[in-house]
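Asks:
There are 2 protein chains.
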Amino acid sequence: MEQVRRGRPRAFDANEALEQALVVFWEHGYEGASLALLTEAMGISRKSMYAAFGNKEELFLKVLQRYEAGPGAYVRQAVGAPTARAVARAYLEGAVRAGTQPGRPAGCLGVRAALSVGVTGQTVQDVMTSWRAESQAGLRDRFQRAVDEGDLPADADPDVIARYLTTVADGVSVQATGGASPAALQHVVEVALRHWPPA
Amino acid sequence: MEQVRRGRPRAFDANEALEQALVVFWEHGYEGASLALLTEAMGISRKSMYAAFGNKEELFLKVLQRYEAGPGAYVRQAVGAPTARAVARAYLEGAVRAGTQPGRPAGCLGVRAALSVGVTGQTVQDVMTSWRAESQAGLRDRFQRAVDEGDLPADADPDVIARYLTTVADGVSVQATGGASPAALQHVVEVALRHWPPA
DNA sequence: CGGATTCTGCACCGATCGGTGCGAAATCGA
DNA sequence: TCGATTTCGCACCGATCGGTGCAGAATCCG
Chain H
1 MEQVRRGRPR AFDANEALEQ ALVVFWEHGY EGASLALLTE AMGISRKSMY
51 AAFGNKEELF LKVLQRYEAG PGAYVRQAVG APTARAVARA YLEGAVRAGT
101 QPGRPAGCLG VRAALSVGVT GQTVQDVMTS WRAESQAGLR DRFQRAVDEG
151 DLPADADPDV IARYLTTVAD GVSVQATGGA SPAALQHVVE VALRHWPPA
Chain E
200 MEQVRRGRPR AFDANEALEQ ALVVFWEHGY EGASLALLTE AMGISRKSMY
250 AAFGNKEELF LKVLQRYEAG PGAYVRQAVG APTARAVARA YLEGAVRAGT
300 QPGRPAGCLG VRAALSVGVT GQTVQDVMTS WRAESQAGLR DRFQRAVDEG
350 DLPADADPDV IARYLTTVAD GVSVQATGGA SPAALQHVVE VALRHWPPA
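For the protein sequence lines, the chains are H and E, in the order given. Numbering (my numbering) for the first sequence: 1 to 199. Numbering (my numbering) for the second sequence: 200 to 398.
If you want it as structure tokens, here you go:
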């Protein structure tokens, strides 16, 4: 796996640079994050960035992977919860926590970036769309399993429940971006989960 | 009110031009809507646009007023509904309808534009923020009145209910932008309104 | 000590950004 | 008809966009 290093070694840590790029994309969206902003935050020159990550689009995709494994991990973790209700709670509370972390941009990178992509980033647009679709499908499948196992009533609609939860989570992200406090959003989550199953 | 027209008359209808600008801003957000896109859609030259509307920022603010009076009118109309529950239904169904109108960009101009504004449009950012705050305050006041009138239980929290509904509406807008169908979003609304009051 | 290879800094590319200067065209009151 | 006034089309402004050419610096293997 580890290649023999030849030539001049790079003078920066790729992971650290990706972390800084993540913050910039998170804060400004895909198109709003200019090369000047990105390279300044990453502490490297344009040329080093292109040599290490390809181009802006590939950099964003790598950042997206990093986000998925870090702040956005709650999505995958939620479906592992033991009951359908616990899944819903983990998912929504994860959205609140990820969207209101101190020292990090507010809201969800996925929501913020997806809504601000123009014609320039068609590939990015497609990736974000399929990513969101996958998350929702994951929830749907999990709730279908809950129906099969009797954890949810037989007449419950996994598709609608999944859609409802992702909608609330999206709203939480928008609210967080607008400056809503974690406490206020936690209240929203309590309301959304007060009655279960919701459908 | 009507001034005496002197000099060469303009060769376009200002309202029609604003309508086209609305679509472009709605589709591309504030910063994503370039002068080239805007003027092409409006069918006028850059110079005519600046003479008629000032600059890009003022144009957007005028477009925002137009949106508020048109597709976004459901927000003000909702609080006029006779009962708290009818207010909530009118608000959420209005968000679905406005966000999935055929022949128009998906989602809510407010949400789409607000999330994609960068450092360039600080004024626009502030306006959008206060606009969203006003909408939420309007709902909160309406629910407070409902509590006072006995339409909602005395222990209901108007602030939380308003926050919950705006969060769901924001989520509906995000989902609509992502291509969700009106029917799917209507199901979400039914789930959100199934139990009342929610808090 | 070579070359071979890789990374870095700087200057630069064409394209596009929001915004303007200028002169011609079109309408007014007189 | 004649200025005064306003709009219009075109070309252009400096700034910034994402991306690159090039020369030198730093490391490898031999």
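Beta carbons: idealized from backbone N, C-alpha and C, even for Gly.
If you draw a straight line from the C-alpha of E/LEU260 to the C-alpha of E/ALA213, how long is it?
Replies: 14 Å
Asks: I'd like to check one pair, E/VAL222 with E/ALA240: are the Cβ atoms closer than 8 Å?
Replies: yes
Asks: Give me, in chain order, the residues of the same chain whose beta-carbon lies closer than 7 Å to that of H/ILE161; leave out the 5 immediate sequence neighbours on both sides.
Replies: Taken in chain order, the residues that qualify are PHE143, PRO197, PRO198 and ALA199.
Asks: Could you check what DSSP says for H/LEU117 in three-state terms: helix, strand or coil?
Replies: It should be noted that the sequence gives Val, not Leu, for residue 117 of chain H. Here H/VAL117 sits in coil by DSSP.
Asks: Taking the CB atoms as reference points, tell me whether E/LEU338 and H/THR177 lie closer together than 8 Å.
Replies: With respect to the 8 Å criterion, E/LEU338 and H/THR177 are not classified as neighbours on the basis of their beta carbons.
Asks: Give the DSSP-derived three-state secondary structure of H/ALA133 in the structure shown.
Replies: helix
Asks: Please check the pair E/VAL371 and H/TYR164, which I expect to be a contact at CB under 8 Å, by giving their CB distance rounded to whole angstroms.
Replies: Wrong, their Cβ atoms sit about 10 Å apart, outside the cutoff.
Asks: Please list, in chain order, all residues of the same chain as H/VAL125 whose beta carbon is under 6 Å from its beta carbon, the five residues on each side excluded.
Replies: The question names Val, but residue 125 of chain H is Gln in the sequence shown. Answer for H/GLN125: VAL117, listed in chain order.
Asks: Report the three-state DSSP secondary structure of E/ASP212 (helix, strand or coil).
Replies: coil
Asks: Using a Cβ cut-off of 8 Å (strictly closer), state whether E/LEU260 contacts chain H.
Replies: Using a CB distance cut-off of 8 Å, E/LEU260 does not count as an interface residue toward chain H.
Asks: Would H/VAL174 and E/ASP369 qualify as a contact pair, given that the criterion is a beta-carbon distance under 8 Å?
Replies: yes
Asks: Of all the options E/PRO281, E/ALA283 and E/GLY309, which has the alpha carbon lying nearest to the alpha carbon of E/ALA191?
Replies: Outside the displayed range of chain E (200 to 398) lies residue 191 of chain E, so it cannot be described from this structure.
Asks: Is the distance from the Cβ of H/GLY121 to the Cβ of H/ALA98 below 8 Å?
Replies: Cβ atoms of H/GLY121 and H/ALA98: not closer than 8 Å.
Asks: Let's test the definition: count the other Cβ atoms within 10 Å of the Cβ of H/LEU185 and tell me whether it reaches 16, buried, or not, exposed.
Replies: By the 10 Å Cβ count, H/LEU185 comes out buried.
Asks: Give the single residue among E/HIS227, E/ALA280 and E/GLU257 whose Cα lies nearest to the Cα of E/ALA345.
Replies: Nearest C-alpha to E/ALA345 among E/HIS227, E/ALA280 and E/GLU257: E/ALA280.
Asks: Suppose the cutoff is 8 Å on Cβ atoms and the five residues either side in sequence are ignored; what does the same chain contact list for E/GLU218 look like?
Replies: ARG265
Asks: For the alpha helix (DSSP H) containing E/LEU392, name the first residue and the last one.
Replies: If you look at E/LEU392, you'll find it in the alpha helix (DSSP H) that goes 381 to 392.
Asks: Within the same chain, show all residues whose beta-carbon is closer than 6 Å to that of E/ALA289, passing over the 5 residues directly before and after it, in chain order.
Replies: Cβ neighbours of E/ALA289 beyond the five flanking positions: ALA277 and ALA280.
Asks: Determine, using beta carbons only, whether H/SER48 comes closer than 8 Å to chain E.
Replies: no
Asks: By how many angstroms is the C-alpha of E/VAL286 removed from the C-alpha of H/ALA84?
Replies: 31 Å
Asks: Does the beta-carbon distance from E/PRO304 to E/GLU226 come in below 8 Å?
Replies: yes
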